[in-house]
Amino acid sequence: MAFYRLLRITRPTLLSLTVIMPKVSPVVTPSLSSTLALETPSNLRRVSTSSVQSLASVIASAASSVSSIPFSGEPEVVKAEGLRHASIFLDARQYKKSSFLVPLLECIRTLNVPSWSSTRITAEELSIHKVSGSLTNAVFFVSCPSVKEAFTILLRIYGPSSGSLISRPRELHTLHILSSRYNLGPKVYGTFENGRMEEYFPSKTLTAEDMRDPQISRWIGARMAELHSVPIDVIEETSPENGGEGKGWQLGAKKNVSSWLAPARDVLMHPNVPQSVRGEFDIDRFQQQWESYLKWLSGVDDVHNGSRRVFAHNDTQYGNLLRLEGVEVRAPHRQLIVVDFEYASPNPASFDIANHFLEWTYNYHTSTPHIPDESRYPTPQERENFYLSYLEHTDTSSLERLSQAKALENQVRYWTPACHAMWCMWGLVQATDDVISDVTEPEFDYVGYSRFRMVAFRQSIAALGII
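Going by full-length UniProt numbering, the first residue of the sequence shown is number 1, and it counts up by one from there.
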């Protein structure tokens, strides 16, 4: 996605696509009850209406999306080619102490953070506000109120982790490439021994209702199209995981399910998991169904119409979408900033769109945030609205948009089961710590979340005639 191309949204008349937009949504909400009652809203993707807290909620997801398998030791030192690095270690536990501010300022100066070169900035003048994360995965806003030209900085301090669902080096590499070459996402100012410094956006996070607004939905479609225009090879050929040698890449959906299947199986085999729950998942049957689905998919996957391979975000839920405040933009859709690229990878465009549509059914601010509401899946008209805006910001001609919208709709249906499968495995791996500790009232019911995803996967492939 050449994210900041000088494109202006025009709102074309929405032609009827009801013939190609099925009234049956690809997502099916199973009638399952969770094994664990949940009485309070989840912190998994907490969102606030304030600028500070809304951004904090987005940044916090980076810590919460890392597997919580117990581990001790220092975090790895993560660097990226082209980024400044400071050989400085910051102890998040000491952030309230004045002794923390001296190395912090030294780090800022070493990284040559824009607007922070004034000699009037001293350690004593710094203001640091912890906004999210635990002491081992902490995020702070750093400012210097006495020097107005010094912009607020986002400071991320890593904690020890292992068995991660994400690759921190890959995430840093992706952020740097997207921000430095395409003005997409927060700029990364540099790294230090156990963290990094990023650009701060004065903004509000979108809400579940915001995503349903027709105009905002069009903006999201435009932004997604721009991201999808970023050449895959620009990121993948220099990825740390490829050794910078362009050894090729895999589709994220397939790679993730394959990588997460074994640890997900281990979670289900833990003695604390009831046999009844283990039987509901029937992970061996899932593996067979997944392989059958992939074989079927290879026969209908259209890489030229609807499923072209793109660099996809893969997690465009409302908590990862910011709306800028007090900032002038050249086109209306640029009010939206997409953040949190932990799960970004090559995928079909239709997978990214399908996943976004499924996120319409989730509200992470309810007492049961792990349970989707099928009735909130976008209607044919709402999907049409999104498709046309998406296509408007690609090289698709106006004459081809209807046929391309039809292709997208079909491919979105075909790739919807992959979304369910991927996040089902993700949820099980995320449940590791809760299962091992036998937590009866988890902050977020990952097992319950995965149960819904598993049933939806099976129902969606059945609807496609695969089983």
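Heads up, the beta-carbon is just placed ideally off N, CA and C, and yes, glycines get one too.
Looking at the unbroken alpha helix (DSSP H) that takes in Leu391, where does it start and where does it end?
Pro380 to Glu392
State the Cα-Cα distance for the pair Ala354 and Ala462, rounded to the nearest angstrom.
17 Å
State the CB to CB distance for the pair Val435 and Val267, rounded to an integer number of angstroms; the pair is presumed to be in contact (CB under 8 Å).
5 Å
Determine, using beta carbons only, whether Phe386 and Ser217 come nearer to each other than 8 Å.
yes
Can you find the residues in the same chain that come closer than 6 Å, C-beta to C-beta, to Asp438, ignoring five residues on each side of it along the sequence?
Asn272
Please work out which residues of its chain come closer than 7 Å, Cβ to Cβ, to Gln287, disregarding the five sequence neighbours upstream and downstream, and give them in chain order.
Leu261
My guess is that Thr361 and Arg383 are in contact by the Cβ rule of under 8 Å, so how many angstroms apart are they, rounded?
About 13 Å; that fails the 8 Å criterion.
Opposite Phe192 in the DSSP bridges: which residues?
Ala86 and Gly195
I'd like the span of the alpha helix (DSSP H) that includes Ala264, first residue to last.
Gly252 to Leu268
Nearest to Ser87 by CA position, among Ala456, Lys79 and Tyr390, is which residue?
Lys79
When His313, Arg156 and Thr207 are compared against Val188, the one with the closest alpha-carbon:
Arg156
At which residue ranges does the region 408-436 contain complete beta strand (DSSP E) runs of 3 or more residues, listed in the order of the chain?
none
Restricting to Cα atoms, I'd like to know which of Asp373, Asp302, Ser345 and Val102 is closest to Glu236.
Ser345
Please report the distance separating the alpha-carbon of Leu408 from that of Ala418.
15 Å
Would you check if there are 3 or more beta carbon pairs closer than 8 Å linking the region 334-344 to the region 310-318?
yes
Does the region 277-287 come into contact with the region 199-214, if we say contact requires no fewer than three beta-carbon pairs (one atom in each stretch) closer than 8 Å?
no
Please return the same chain residues whose Cβ sits closer than 6 Å to the Cβ of Ala123, not counting the five positions on each side in sequence.
Leu101, Val102 and Leu105
Relative to the alpha-carbon of Leu184, which residue among Thr191, Pro214, Asp340 and Ser146 has its alpha-carbon at the smallest distance?
Asp340
Label Ser450 either buried or exposed according to how many other C-beta atoms from any shown protein chain fall within 10 Å of its C-beta, with 16 as the threshold for buried.
buried
Quick check on Val429: buried or exposed, where buried means 16 or more other Cβ atoms within 10 Å of its Cβ?
buried
Rounded to whole angstroms, what is the Cα-Cα separation between Thr366 and Trp423?
19 Å
What is the rounded straight-line gap between the Cα of Ser460 and the Cα of Asp284?
18 Å
So, Ala253 versus Val310, is the Cβ gap smaller than 8 Å?
no
What is the DSSP secondary structure of Pro348, counted as helix, strand or coil?
strand
By DSSP, does Ala62 sit in helix, in strand, or in coil?
Any answer about Ala62 is weak, because its pLDDT of 39 lies below 50 and its placement is not dependable; what the coordinates show is given next. It is helical.
Inter-residue spacing [alpha-carbon to alpha-carbon] between Trp415 and Glu441:
33 Å
Does DSSP put Thr174 in a helix, in a strand, or in coil?
helix
Mark Gln275 as exposed unless 16 or more other C-beta atoms lie within 10 angstroms of its C-beta, in which case mark it buried.
exposed
Straight-line gap, Val113 to Ser258 (C-alpha atoms, nearest Å)
40 Å
Please identify the residue among Asn410, Asp373 and Tyr364 whose C-alpha is closest to the C-alpha of Pro380.
Asn410
Helix, strand or coil for His304, going by three-state DSSP, please let me know.
coil
Which same chain residues, not among the five before or five after Thr174, have their C-beta less than 7 Å away from its C-beta?
Ile235, Phe341 and Ala344
DSSP three-state label for Ser115, please.
coil
Have a look at Gly159, Glu209, Gln94 and Pro231 and flag the residue whose alpha-carbon is nearest the alpha-carbon of Arg181.
Pro231
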